[in-house]
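Structural data, given as structure tokens:
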């Protein structure tokens with residue numbers, strides 16, 4: 196979907212849905228014939244689309260915190276992490292540790308999911324409890340800066356997939372924006388021409404890239420400061436020191452090197468494949484487009500269908516539309532919110548993107564392939 200599909204909006208009209216079939220209507224018309232007996236609100240008045248959806252979601256209790264579920268998720272994640280390190284110590288100096296590397300990569304990413312939830316204050320009502328959880332599961336357990344990530348991720352949520360505003364589509368090794376691919380030569384040009392086929396292999400470096408970005412942000416003081424910079428830095432240093440000490444105490448130098456490389460590579464790959472389906476290949480508003488909040492979040496996001504296994508493996512990120520509309524909604528409430536929000540989008544004739552996991556990757560890779568097409572054409576000319 197091109198950026199022209201996003202309406203230009205003035206501040207006074209923000210929140211209006213351009214897809215409303217009757218924008219002149221002023222009154223809400225509750226209907227009891229919606230699926231599951233819930234009330235579908237048919238209000239079409241300007242500025243009301245998201246407000247009415249929010250009221251419906253709130254009245255269903257879907258924004259209430261669920262501390263018991265949060266504690267359970269944190270405990271399960273902690274057990275995964277502790278179990279991985281316990282297996283590492285028990286196995287000792289053996290190449291079988293590469294299996295443990297995969298287990299710890301999985302556990303690290305699950306810790307990242309808990310940090311994501313803490314950053315959105317999904318876990319607990321109080322800010323301090325969420326920030327403390329984010330620092331422990333992010334900085335201390337996996338070596339990723341919680342403050343840096345919150346600052347970056349908030350910018351993404353404010354302008355998802357928007358050219359010049361969303362940090363997640365800034366040009367780097369991978370190019371997501373057509374015009375920014377032009378003129379790339381040498382190694383970067385080669386990567387851009389073949390970025391669709393190189394995308395998954397490059398994700399093996401994502402873990403390292405996140406660590407580097409964390410330390411750069413701390414050095415420059417660019418974090419959202421949920422805790423003093425010194426506390427964040429100390430937690431990161433403790434993680435690095437403990438991680439390397441344990442690995443080097445148990446494994447020979449060669450095995451230690453291979454273990455670290457494999458564990459961090461699989462961690463980056465898992466993180467990457469968890470986040471890649473969410474927006475890649477979806478609508479990309481131009482830098483000066485001003486879509487209303489509802490359209491801006493729904494049209495740039497993609498859901499991945501699946502059952503409880505997909506929910507667990509992707510950390511709830513497969514409900515990306517619901518998450519972007521209500522970032523503070525607890526992860527366990529997202530499945531219940533989905534039919535309500537999907538029905539509401541249907542009421543507004545607003546496209547609601549959902550597909551299977553494999554097809555979500557296919558769509559993302561198709562977009563990357565298209566971005567690199569002009570460079571391939573130049574190469575052939």
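Residue numbers (my numbering): 196 to 576. For every residue, glycine included, the Cβ atom is placed at its ideal position computed from N, Cα and C. All values derive from a computational prediction rather than experimental measurement.
Exposed unless 16 or more other CB atoms sit within 10 angstroms - verdict on residue i
i	result
residue 570	buried
residue 435	exposed
residue 310	buried
residue 382	exposed
residue 396	exposed
residue 526	buried
residue 388	buried
residue 447	exposed
residue 575	exposed
residue 372	exposed
residue 579	Residue 579 is absent from the model: the chain starts at 196 and stops at 576.
residue 469	buried
residue 376	buried
residue 254	exposed
residue 217	Since pLDDT at residue 217 reaches only 33, below the 50 mark, its modelled position is unreliable, and the value read off the structure follows with that caveat. The residue in question, residue 217, is exposed, as its Cβ has fewer than 16 Cβ neighbours within 10 Å.
residue 267	exposed
residue 272	buried
residue 483	exposed
Residue j beta carbon less than 7 Å from that of residue i
i	j	result
residue 307	residue 402	no
residue 430	residue 334	yes
residue 494	residue 478	yes
residue 458	residue 277	no
residue 467	residue 400	no
residue 521	residue 245	no
residue 303	residue 337	yes
residue 566	residue 370	yes
residue 529	residue 510	no
residue 313	residue 329	yes
residue 518	residue 492	no
residue 339	residue 432	no
residue 326	residue 421	yes
residue 500	residue 551	yes
Cutoff 8 Å; reference residue i; Cβ partners in own chain excluding five residues on either side
i	result
residue 523	258, 315, 316, 317
residue 265	312, 317, 318, 319, 525
residue 561	391, 476
Close-in-space but distant-in-sequence residues of the same chain around residue i (CB under 6 Å, 5 per side omitted)
i	result
residue 283	295
residue 332	306, 309, 310
residue 222	With a pLDDT of 34 at residue 222, under the threshold of 50, the predicted position of this residue should be treated as unreliable, though the coordinate-derived value follows. Counting only Cβ-Cβ distances below 6 Å, and skipping sequence neighbours, we find nothing.
residue 298	279
residue 360	354
residue 363	351
residue 248	539
residue 506	none
Limits of the alpha helix (DSSP H) - the one that residue i falls within
i	result
residue 343	341–353
residue 542	529–542
residue 445	424–445
residue 402	401–415
residue 325	322–329
residue 244	244–254
residue 466	448–470
residue 371	Segment: none, residue 371 is in no alpha helix (DSSP H) and carries neither H nor E.
residue 515	515–520
residue 495	Premise fails: residue 495 is in no alpha helix (DSSP H) and is neither H nor E.
residue 562	552–575
residue 388	381–388
residue 265	262–286
Contacting residues, own chain, Cβ-Cβ under 7 Å from residue i (five flanking each side not counted)
i	result
residue 498	513, 514, 515, 516, 548, 549
residue 531	257
residue 564	391
residue 262	319
residue 393	386
residue 252	258, 521, 532, 535
residue 368	386, 397
residue 366	372, 375
residue 573	none
Proximity test, residue i beta-carbon vs the ligand COA heavy atom, cut-off 6 Å
i	result
residue 440	This structure lacks the ligand COA; in fact it carries no ligand of any kind.
Next item on the list: Evaluate the contact criterion for the segment 467–474 versus the segment 531–545: three or more CB pairs, one atom per stretch, below 8 Å.
Entry: no
Checklist line | Sufficient close CB pairs (3 or more, under 8 Å) joining the segment 402–414 to the segment 343–359 | finding: By the criterion of at least three beta-carbon pairs nearer than 8 Å, the segment 402–414 is in contact with the segment 343–359.
Next item on the list: Specify whether the segment 555–571 and the segment 347–360 touch according to this definition: at least 3 beta carbon pairs, one from each stretch, less than 8 Å apart.
Entry: no
Next item on the list: Take every Cβ of the segment 285–294, pair it with every Cβ of the segment 444–454, and state whether three or more of those distances are shorter than 8 Å.
Entry: yes
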